[in-house]
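Q:
Numbering (my numbering), first residue to last: 4 to 329.
(1) Return yes when the Cβ of residue 285 is within less than 9 Å of the Cβ of residue 160, no when it is not.
(2) Cα separation between residue 100 and residue 66?
(3) In the DSSP output, which residue or residues are listed as bridge partners for residue 56?
(4) May I ask you to report which of helix, strand or coil DSSP gives residue 264?
(5) If residue 124 and residue 117 are in contact, beta carbons under 8 Å, what's the gap, nearest whole angstrom?
(6) Does the structure place the region 17–32 close enough to the region 268–276 that three or more beta carbon pairs sit under 8 Å?
(7) Among 217, 232 and 149, which has the Cα closest to the Cα of residue 245?
(8) Tell me the DSSP bridge mates of residue 241?
(9) Touching or not, the region 293–312 and the region 65–81, by the rule of three or more beta carbon pairs under 8 Å?
(10) Hey, how far is the Cα of residue 140 from the Cα of residue 59?
(11) Since residue 354 and residue 145 are thought to touch, with beta carbons under 8 Å apart, how far apart are those beta carbons, to the nearest angstrom?
(12) Count the CB pairs spanning the region 257–270 and the region 212–225 that are closer than 8 Å, and state whether there are at least three.
(13) Is residue 261 close to the ligand PLP? I mean its beta-carbon at under 8 Å from any heavy atom of the ligand.
(14) With DSSP run on the structure shown, which of helix, strand or coil describes residue 163?
(15) Determine the closest residue to residue 319 out of 103, 288, 15 and 21, with distance taken between C-alpha atoms.
(16) What separation, rounded to the nearest whole angstrom, lies between the Cα atoms of residue 241 and residue 51?
(17) Can you find the residues in the same chain that come closer than 6 Å, C-beta to C-beta, to residue 6, ignoring five residues on each side of it along the sequence?
(18) Compare the C-alpha of residue 127 against each of 137, 163 and 96 and name the closest.
(19) Could you tell me the alpha carbon to alpha carbon distance between residue 263 and residue 214, rounded to whole angstroms?
(20) Between residue 234 and residue 251, what straight-line distance do the alpha-carbon atoms span, to the nearest angstrom?
(21) Compute the Euclidean distance between the alpha carbons of residue 239 and residue 248, then round it to the nearest angstrom.
(22) Kindly indicate the opening and closing residues of the alpha helix (DSSP H) around residue 2.
(23) Comparing C-alpha positions only, which one of 22, 48 and 288 sits nearest to residue 37?
(24) In terms of alpha-carbon separation, which member of 82, 119, 19 and 47 lies closest to residue 298?
(25) Return yes when the Cβ of residue 53 is within less than 9 Å of the Cβ of residue 288, no when it is not.
(26) Between 137, 105, 230 and 317, which has its C-alpha nearest residue 73's C-alpha?
(27) Which residues bound the alpha helix (DSSP H) around residue 215?
(28) May I ask you to report which of helix, strand or coil DSSP gives residue 151?
(29) According to DSSP, is residue 210 helix, strand or coil?
(30) Let me know the secondary structure DSSP gives residue 138 once reduced to three states.
(31) Apart from the five residues on each side of it in sequence, which residues of its chain come closer than 8 Å, Cβ to Cβ, to residue 291?
(32) State buried or exposed for residue 43, treating a residue as buried only when at least 16 other CB atoms are found within 10 Å of its CB.
(33) Look up residue 108 in the DSSP assignment and say whether it is helix, strand or coil.
(34) So, are the CB atoms of residue 55 and residue 14 less than 9 Å apart?
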């Protein structure tokens, strides 16, 4: 068994590095359908349950306490919120309608399958909602905010990728229906092309990352994490959802958005560093998960597919009402 925080950290970093190396070096089509994320979560599950690496310890507490808040700040730092809202326009409303579909679909699906998932199954649904609204990083942030157990996080990762495997071919095939969909939605093709060009124009240019930039980013991330950690216990708690952990994530997110409006947004390398941190965090969640929790996977998957169907209907409705191509 690998002992100590340093050994466990090295093992988790090795898992993350291995699968991104294989994806880049091999070019296997397998990674198009089963992306590195699912392997980065699954292999630590096996290593932890086999006793190769520890399933608990101060390293995991430190990653939850500091790594995730730092990730959130760095991920938000490069986002030009004002420019994105200005360029996307009505497309932003469609995104909100789609997000509403995730919000509405969750209780519908949970009402059907929730009794088979156990008392904390809703936390797995919460993490999955985070992914479908904001991606892998948002999934990790929501999971930390509501205290999703590692086993429920595993179900969320599994469902996220299972839906992706089914959804991806549908999205690829939908290119053949683009003309029909534009007629259905009433979208202006020229406006769609202008919006795509404008989005490309506001994409931040990648500047070379220097040592000083790593120092700046680490300082910003740690300061925000420490500040949010001090303020969160002072906030009022409401039920099992709005806890001190939730407040910490909300505070970190708010501060991150505010920092993106400052010159700190021009520090290069924040996105790459943020993604490295979040994949390490996902690997640590896998290492703490128990395989016994996967027995609930069929019901969780059934709920996820019902849920994504509701989301899809909301997206279609939003496109039709707002005359926007999605």
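Note that beta-carbon positions come from the ideal geometry of N, C-alpha and C, so glycine has one too.
A: So, to answer that:
(1) yes
(2) 34 Å
(3) 5
(4) coil
(5) 6 Å
(6) no
(7) 149
(8) 245
(9) no
(10) 22 Å
(11) Nothing about residue 354 can be read from this structure; the chain reaches only from 4 to 329.
(12) yes
(13) No copy of the ligand PLP occurs in the structure displayed, which carries no ligand at all.
(14) helix
(15) 103
(16) 34 Å
(17) none
(18) 163
(19) 21 Å
(20) 8 Å
(21) 12 Å
(22) An answer regarding residue 2 cannot be provided, because it is not within the stretch 4 to 329 covered by the chain.
(23) 22
(24) 119
(25) no
(26) 230
(27) 214–234
(28) coil
(29) coil
(30) coil
(31) 51, 58, 59, 63 and 153
(32) buried
(33) helix
(34) yes
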